[in-house]
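4 protein chains.
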Amino acid sequence: MSLTIGVDVGGTKVAAGVVDEQGRILEKLRRPTPSKNPEETAGAIADLVGRLKAEHRDVVAVGLGAAGFVDESRSVVLFAPNLAWRDEPIKDKVEQRVGLPVVVENDANAMAWGEARFGAGRGERYLVCITLGTGIGGGIIVDGRLYRGRYGIGAEFGHIRVVPDGRRCGCGNRGCWEQYASGNALAHEARDLARVNPGWAARMIELSGGSAEVITGLAVSQAAREGDPAALECFQSVAEWTGQGMADLAATLDPGAFIIGGGLSAVADLLLEPIKKAFANAVTGHGHRRPSAVRVAELGPDAGIVGAADLARQ
Amino acid sequence: MSLTIGVDVGGTKVAAGVVDEQGRILEKLRRPTPSKNPEETAGAIADLVGRLKAEHRDVVAVGLGAAGFVDESRSVVLFAPNLAWRDEPIKDKVEQRVGLPVVVENDANAMAWGEARFGAGRGERYLVCITLGTGIGGGIIVDGRLYRGRYGIGAEFGHIRVVPDGRRCGCGNRGCWEQYASGNALAHEARDLARVNPGWAARMIELSGGSAEVITGLAVSQAAREGDPAALECFQSVAEWTGQGMADLAATLDPGAFIIGGGLSAVADLLLEPIKKAFANAVTGHGHRRPSAVRVAELGPDAGIVGAADLARQ
Amino acid sequence: MSLTIGVDVGGTKVAAGVVDEQGRILEKLRRPTPSKNPEETAGAIADLVGRLKAEHRDVVAVGLGAAGFVDESRSVVLFAPNLAWRDEPIKDKVEQRVGLPVVVENDANAMAWGEARFGAGRGERYLVCITLGTGIGGGIIVDGRLYRGRYGIGAEFGHIRVVPDGRRCGCGNRGCWEQYASGNALAHEARDLARVNPGWAARMIELSGGSAEVITGLAVSQAAREGDPAALECFQSVAEWTGQGMADLAATLDPGAFIIGGGLSAVADLLLEPIKKAFANAVTGHGHRRPSAVRVAELGPDAGIVGAADLARQ
Amino acid sequence: MSLTIGVDVGGTKVAAGVVDEQGRILEKLRRPTPSKNPEETAGAIADLVGRLKAEHRDVVAVGLGAAGFVDESRSVVLFAPNLAWRDEPIKDKVEQRVGLPVVVENDANAMAWGEARFGAGRGERYLVCITLGTGIGGGIIVDGRLYRGRYGIGAEFGHIRVVPDGRRCGCGNRGCWEQYASGNALAHEARDLARVNPGWAARMIELSGGSAEVITGLAVSQAAREGDPAALECFQSVAEWTGQGMADLAATLDPGAFIIGGGLSAVADLLLEPIKKAFANAVTGHGHRRPSAVRVAELGPDAGIVGAADLARQ
C-alpha cells in the first residue's frame with residue numbers, strides 16, 4: 008500500500024505526517040519553523056520528511072500546505088504572509104533535499120481536500136470549505152476536484168468586500184469578509200463591546216486578565232460556553248456575517264454543501280445553528296432552489312496534513 | 008457536418024437559429040413569446056424549431072436558453088421571472104413536439120458558453136462572463152467546461168450583496184450587485200441625479216422627453232456618447248461597482264479572463280477602461296498575482312443562440 | 008386691535024392673509040407666482056398686500072415667508088431654490104411698494120412660529136418643528152423665541168447627513184436626511200419597491216395609472232389608508248428614518264416637544280406611532296432623561312401665513 | 008471684587024480654583040476623586056472648596072462641572088458615567104457642607120462657557136464648542152447664553168448617529184459621532200491599522216511598548232508630530248469625521264464659530280486645517296452662506312474651572 012507525507016508549514020511550527028490511502032495518519036512529527044530564513048525553512052521541512060521516510064519505506068510523494076499564494080503549477084509560493092517566502096521555488100528545493108516528488112498547495116485548499124476526501128465532504132462533488140481561524144481560508148471542490156483557478160489563487164474569499172468603507176484588512180483593502188467573520192472578528196467584536204460597555208463585558212474581561220484590550224477569541228468562546236450573554240452576542244454577530252457571506256458564495260457556486268472548519272469549528276455547537284439561520288435568510292432565490300447543506304469539519308487540525316498528503320498521491 | 012438549433016426564450020420574443028460546428032448562424036427566425044401560458048410557450052418554441060428543421064435536415068439537437076433557474080439535469084426550469092414557468096418540464100415538452108434531443112440552460116450560461124467557444128473567451132479555460140443588461144447575468148467556465156454548481160443554479164452572482172441595507176432587489180433581498188452595476192443601475196443613477204439636480208441632468212432629461220422619471224439606460228448612453236458630464240458621471244458609478252464586484256469574484260474564482268457582455272457591452276468603449284481601473288484597484292493581493300484579463304464580448308445579441316446550440320452538441 | 012398680513016411665497020403660488028393677534032385669518036387671497044422674474048414676484052406680493060390692506064385699515068406690518076436662505080437681518084433672501092431670487096433685497100422692494108414695514112423669514116421658520124404661538128407648540132418654550140413635505144423644513148424655538156443662528160440659516164436640518172455615500176440630494180451632497188424622511192422619500196421608497204417587485208406594489212402602481220415610475224406620495228398614502236401592506240412598508244421606512252433623525256436632533260437640542268407638520272402630517276395617523284417608537288429606540292440616554300413629546304401640527308397649510316404675520320408683529 | 012470657585016469633578020480627580028471676574032484663576036487645588044461613593048465625592052468637593060474659601064474671603068458662590076446629565080434646575084446630576092451618581096442632589100449636598108450657593112453644570116457646558124466668556128469665543132454670540140477628548144463633549148451658546156435645552160440635556164452631540172450600524176458606543180447605540188471623531192477614535196483607528204498592517208504602523212507600535220493592542224491617542228500624536236505617515240493617516244480620518252459632524256451641526260445651528268477644545272486640541276496644529284477643509288466640503292449650501300469660523304480653544308484644561316466659576320456668578 009502506498010504512503011505519502013503531508014506537511015503543514017505554519018508561521019510558528021512545521022508539522023508532518025505519514026498518511027495512508029484511507030487518510031489515516033500513521034506517524035506525526037513537528038518542530039518550530041525557522042520562518043525568517045527561506046533556506047532554513049526548506050531545511051526544516053526536509054528534516055521532518057527525512058525522519059519519517061526513514062521509518063516508512065513505502066512513502067512515494069510529499070504534499071506541502073502553506074498559507075499564501077501558490078502558483079498554478081503548484082511549485083512556487085508567490086507570497087506567504089507568515090514566512091519569508093517571496094516567489095520561493097519550494098517544490099524544487101524540497102525535492103532536491105528529500106528525493107521524492109513534491110506538490111505544494113495553499114493550506115486552506117489542502118484542508119478542504121482532506122475534508123472532501125475523508126471528512127465532512129465525503130460523497131459530495133461540489134463543496135465550499137470555509138476555515139474560520141485568524142482570518143478566513145477557503146477551498147472549493149468542483150466535480151470532485153480541487154479548484155485552483157487560472158493562476159492558482161482561487162478560493163481566497165476571505166477578501167470579498169462585504170462592507171464598503173468597512174474595517175481595515177491586512178490585504179490593504181477595507182471591509183473584507185474575514186474582518187467580520189473569523190476568530191479575529193470575534194475578538195474585535197468583544198473588544199469593541201468591552202471598551203464601550205465594560206460592565207456588560209465583565210466576564211470576558213475577567214477571563215482576559217482584566218484588560219478589555221487583549222480579549223481573545225478563546226476568552227469569548229469560554230465565556231459563551233458558560234452562557235455569558237455578552238459573549239453570545241459576539242458569536243451572534245460573527246454567525247450572521249458568516250451566513251451572509253455563505254449566501255454570497257452560494258449565489259456564485261451553488262455547492263452541495265458548505266464545510267465549516269478552522270479554529271472556530273471547535274465551538275461549532277455555538278455557531279452552527281445561527282450560521283444556518285443567517286444563511287437561509289440571506290440566500291437569493293430561497294424557496295425556488297434546493298439549499299446547500301451546512302456541516303462542521305470532521306478532521307480537526309490534522310485536515311491540512313491529510314489533505315496535502317492525499318494531493319501528493321493524485 | 009452536424010447542425011444544431013439554439014433557442015433564446017425571452018419574456019417578449021423567442022429567437023431560434025441553426026448553428027454549425029464553427030458557431031456560425033445559418034438561418035434565424037423569431038416570433039413573439041406567448042409568455043403567460045406555458046403550453047403556448049412550448050408550442051411557439053416547437054414551431055420555430057420545426058420550421059428551421061424543415062429547411063436544415065442535418066439538425067441533430069436543440070439547445071434552449073431562458074432566464075431563470077434550471078435544474079442540474081438541464082430538463083426542468085424551476086423558476087423563470089419573465090415567463091409563467093414554475094417547475095416546467097420544458098425539455099420533455101419540446102422533445103415530444105420536435106422529435107429531437109433537447110437540453111435546457113440558463114440564458115446567461117448559454118451566452119457565456121457561446122463566448123467561451125467562439126467569442127472573446129476562445130483559448131481560455133477559466134472564464135467569468137458578466138452580462139450587464141436589465142440586471143446581471145453570469146456564466147462561469149471551469150477548465151473548459153460550463154460550471155453549473157450542484158443543483159444547476161450557479162453563477163447567479165448578480166445577487167451577491169455588495170451594500171448592507173442597500174437598494175432593494177427583485178429577488179427580495181437588498182444591496183444586490185445588479186442594483187449597482189447594470190443597465191437598470193445606470194438608469195437608477197441617472198434618475199436620482201435628475202431628480203435632485205435637473206439642471207445638471209438636462210441633456211438626459213431632454214433625451215427622455217422632458218421627464219426625469221423615465222430616463223432610460225439608452226438615454227444615458229446617448230448623452231454619454233455626446234460627452235455629457237452628468238451621463239459620464241453615471242457611467243463612472245456603474246463602472247466602479249462593476250469593477251469592485253469583479254474583484255470579489257476574482258478572490259473566489261481567479262479566472263484567466265472576465266468577459267463583459269449584455270446590453271451595456273454596446274457602450275463598452277465608455278465602460279471598459281473605468282471598469283479595468285476599478286477592478287485593479289479593488290482586487291485583493293494586487294501585485295502578488297497575475298491579473299485576470301478583462302475583455303468585451305464579441306458575439307453580441309446572438310451569443311445566447313450560438314451558445315445554446317453548441318451546448319446541445321456537447 | 009392691530010392686524011398684520013402674512014404672505015407665503017411659493018414657487019407656484021403666492022398666498023396672503025390678514026391675521027389678528029390671536030392668530031386667526033380674517034381674509035385670505037392667492038394668485039400664481041411669476042417665479043422667473045424677481046420684479047414681477049415682488050409686484051405680485053405687493054398686489055395681494057395692497058388688496059388686503061385696502062379692506063383692513065388696521066394692518067400695521069407684513070411678514071413674508073419663502074423657501075430659501077434669509078439673511079440674519081431678515082431683509083434679503085440669499086438663495087431661494089424655487090424662485091429667481093439670488094441676494095434679493097425683498098424687504099426693501101416690498102416696503103417701497105406697500106408702505107408698511109416688512110420682515111422676511113424662511114417659510115419653515117414661519118410655520119414653526121405659527122405652531123409655537125397658536126398651534127401644537129403652545130405653552131412649550133423649547134420646540135423643534137419638522138415639516139415633512141417635498142423635503143424637510145425645520146424650525147427651532149429656543150426659550151420662546153425663533154432660533155435663526157448667527158447668519159439666519161439655522162434649522163436646515165433636512166441636510167444633516169444620515170447615510171455616508173447615501174442617496175443624492177439636491178443640495179449637492181449625498182445621504183441627507185430629507186432623502187430618507189419626506190414625501191419624496193416616501194415616493195422614492197415606493198418606486199424602488201415597485202420596480203423590483205411589481206406584484207407586491209400592484210395597488211400603488213394601479214393608483215398611479217399603471218406605471219411604477221410615477222408613483223407619488225399621494226398614491227402611497229391612499230394605498231396605505233386602504234391597508235395595502237406594501238404601502239405600509241414604505242411608511243414604516245420613512246417613519247424609522249424620521250424617528251432616528253429626531254433622536255439626533257434631541258441629542259443636540261433636547262426640546263420639550265417635536266412638532267411634525269408639512270404635507271405628510273395629513274397622514275399623521277399612519278406615521279405618528281411608528282415615528283414615536285423609532286424615536287424612543289434611537290434617542291441617546293434613553294431611560295436617564297425625560298423624553299421630548301412628539302405632536303402633530305395643528306394649523307395645517309395656513310401655519311406659514313399665520314406665523315409670518317405674527318413675526319411681523321414682534 | 009467678587010470671586011467664585013469653579014470645580015471640575017472628574018472620574019479620577021477633583022480640581023477646584025478661585026476665579027475672578029476676568030476669568031483669572033487666583034489659586035487652584037486638586038485631590039483624587041473617591042468616585043465609588045457619592046457621599047465621599049461630595050465630601051471631597053466640600054473639602055477643596057472649604058480650603059479655598061478659607062484663603063479667599065470674597066468667594067460668593069460655587070460652580071460644579073461634571074460629566075453627565077444635569078437636570079434643568081441645575082441641582083441634580085441624573086447620571087454620570089464616571090461617578091457613582093444617579094439622581095444625585097449634589098447641589099444641596101455641597102451647599103449644606105460649604106454654606107455657599109452652588110450651581111451644577113455639565114462639564115462640557117462649563118468649558119464652553121469659559122471659552123465663550125474669556126477664551127476663543129469672546130465677542131461671538133452664537134457658538135458651538137466641541138471638546139474632543141475620550142469622547143465628544145459639547146456646548147452651545149445662543150445669543151450669548153448657555154443653551155441647556157428643555158430638560159438640561161442639550162449639546163450631547165457626540166451621540167448623533169453618523170454611521171447606520173456603525174461602531175458600538177458606550178451609550179448603547181451604534182455609529183455615534185464620538186466613535187469616529189475623538190481621542191478614542193484616534194486610538195481605535197491606529198489599533199485597527201496596526202493590527203492589519205504592523206509594518207506600516209511600526210512607529211506607533213514602538214511608541215506603545217511594542218503592542219498594537221494598546222496604542223494610545225498620545226502615541227499617535229507623538230508619531231504624527233514626527234511626520235509618521237501612518238499616524239497622519241489616522242489624524243486625517245478623525246479630522247474628516249470631525250468636519251462632517253460640524254457640517255451637520257451647522258445645518259441645525261448655523262453658529263458664528265466652532266471652538267475645538269479637549270485633549271485633542273493640544274495637537275490642533277495637526278488637526279485644524281484638515282478639519283476646516285472637511286467642514287467646508289461637507290456643509291450644505293456652501294457658497295450661498297457665510298461660513299462659520301473654526302477656532303481652537305484658548306483656555307486649555309482650566310476652561311472647565313473658569314466656566315463653572317463664572318456660571319456661579321450669573
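Protein chains in written order, with my numbering: chain A, 8 to 321; chain B, 8 to 321; chain C, 8 to 321; chain D, 8 to 321. No residue lacks a Cβ here, since even glycine has one placed at the ideal position from N, Cα and C. None of the values given here were measured: they were computed from a predicted structure.
- Contact annotation: A:Ile-148 and A:Trp-184 have beta-carbon atoms that are not nearer than 8 Å.
- Counting only Cβ-Cβ distances below 8 Å, B:Asp-199 has contacts in chain C at Arg-174, Arg-175, in chain order.
- As summarised for the stretch 93-117 of chain D, the continuous beta strand (DSSP E) elements at least 3 residues long and confined to that stretch are 93-95, 109-113, given in chain order.
- Unbroken alpha helix (DSSP H) runs of no fewer than 4 residues, entirely contained in the stretch 189-248 of chain D, are found at 190-203, 209-214, 224-232, following chain order.
- Taking the beta carbon of A:Val-221 as reference, the chain D residues within 7 Å of it are Glu-220, listed in sequence order.
- Checking the DSSP bridge columns, you'll see B:Arg-37 partnered with B:Ala-22.
- In chain order, Thr-138, Leu-139, Gly-140 place their CB closer than 6 Å to the CB of B:Gly-269, counting only its own chain and leaving out the 5 sequence neighbours on each side.
- The C-alpha of B:Gly-72 is placed about 56 Å away from the C-alpha of A:Glu-220.
- Identification of chain A residues near D:Asn-204 by a Cβ-Cβ cut-off of 7 Å yields Gly-177, ordered along the chain.
- For A:Asp-15, the closest of A:Gln-321, A:Asp-309, A:Ala-319 by C-alpha to C-alpha distance is A:Asp-309.
- For C:Leu-134 against C:Ala-119, the beta-carbon gap comes to about 7 Å, under 8 Å, which counts as contact.
- By the Cβ criterion, the stretch 201-211 of chain C is in contact with the stretch 229-237 of chain C, since at least three pairs of Cβ atoms, one from each stretch, lie closer than 8 Å.
- Remark: C-beta atoms of A:Gly-182 and A:Val-169 approach each other more closely than 8 Å.
- Residues of the same chain with a CB within less than 6 Å of the CB of A:Ala-300, apart from the 5 flanking positions on each side, are Ala-264 in chain order.
- If you keep only unbroken beta strand (DSSP E) runs of at least 3 residues inside the stretch 133-174 of chain B, you get 134-139, 143-149.
- Residue state for C:Val-83 is assigned as coil, using DSSP reduced to three classes.
- Boundaries of the beta strand (DSSP E) around C:Gly-268: 264-268.
- Between B:Ile-167 and B:Asp-255, the CB-CB gap stays under 8 Å.
- Chain A places a beta carbon closer than 8 Å to that of B:Asp-255, counting this residue as a contact.
- Per the coordinates, the alpha-carbon of C:Arg-296 lies some 29 Å from the alpha-carbon of D:Val-105.
- When 8 Å is used as the limit between beta carbons, A:Leu-33 is near no residue of chain B, the shortest such separation being about 33 Å.
- Taking all protein chains in view, the Cβ of D:Lys-284 is surrounded by fewer than 16 other Cβ atoms within 10 Å, so the residue is classified as exposed.
- Not a single CB atom of chain D sits nearer than 8 Å to the CB of C:Phe-265.
- Proximity of B:Gly-161 to chain A, defined by a Cβ-Cβ separation below 8 Å, is satisfied.
- Of D:Met-211, D:Cys-241, D:Ser-218, D:Val-83, the smallest CA-CA separation from D:Ala-230 is found for D:Met-211.
- Counting along the chain, the unbroken alpha helix (DSSP H) around D:Val-56 starts and ends at 45-62.
- Residue contact check for D:Gly-50 against chain C: no CB pair falls below 8 Å.
- B:Asn-180 and C:Thr-291 have their C-alpha atoms spaced approximately 30 Å apart.
- Fewer than three pairs of CB atoms, one per stretch, sit closer than 8 Å, so the stretch 24-41 of chain A makes no contact with the stretch 80-88 of chain A.
- For the stretch 178-192 of chain B, the beta-carbon criterion of a distance under 8 Å to any beta-carbon of chain A is satisfied by Cys-178, Gly-179, Asn-180, Cys-183.
- In this structure, the beta-carbon distance from C:Gly-70 to C:Ala-316 falls below 8 Å.
- At least one CB atom of chain A sits nearer than 8 Å to the CB of B:Pro-262.
- Around C:Leu-277, the same chain offers Ala-231, Phe-242 as residues with beta carbons nearer than 6 Å, after the five sequence neighbours per side are excluded.
- CA-to-CA, the gap between A:Ala-74 and A:Tyr-158 works out to about 16 Å.
- According to the DSSP assignment, B:Asp-317 belongs to the alpha helix (DSSP H) that extends over 310-320.
- Taking 8 Å as the CB threshold, C:Thr-259 lines the interface with chain D.
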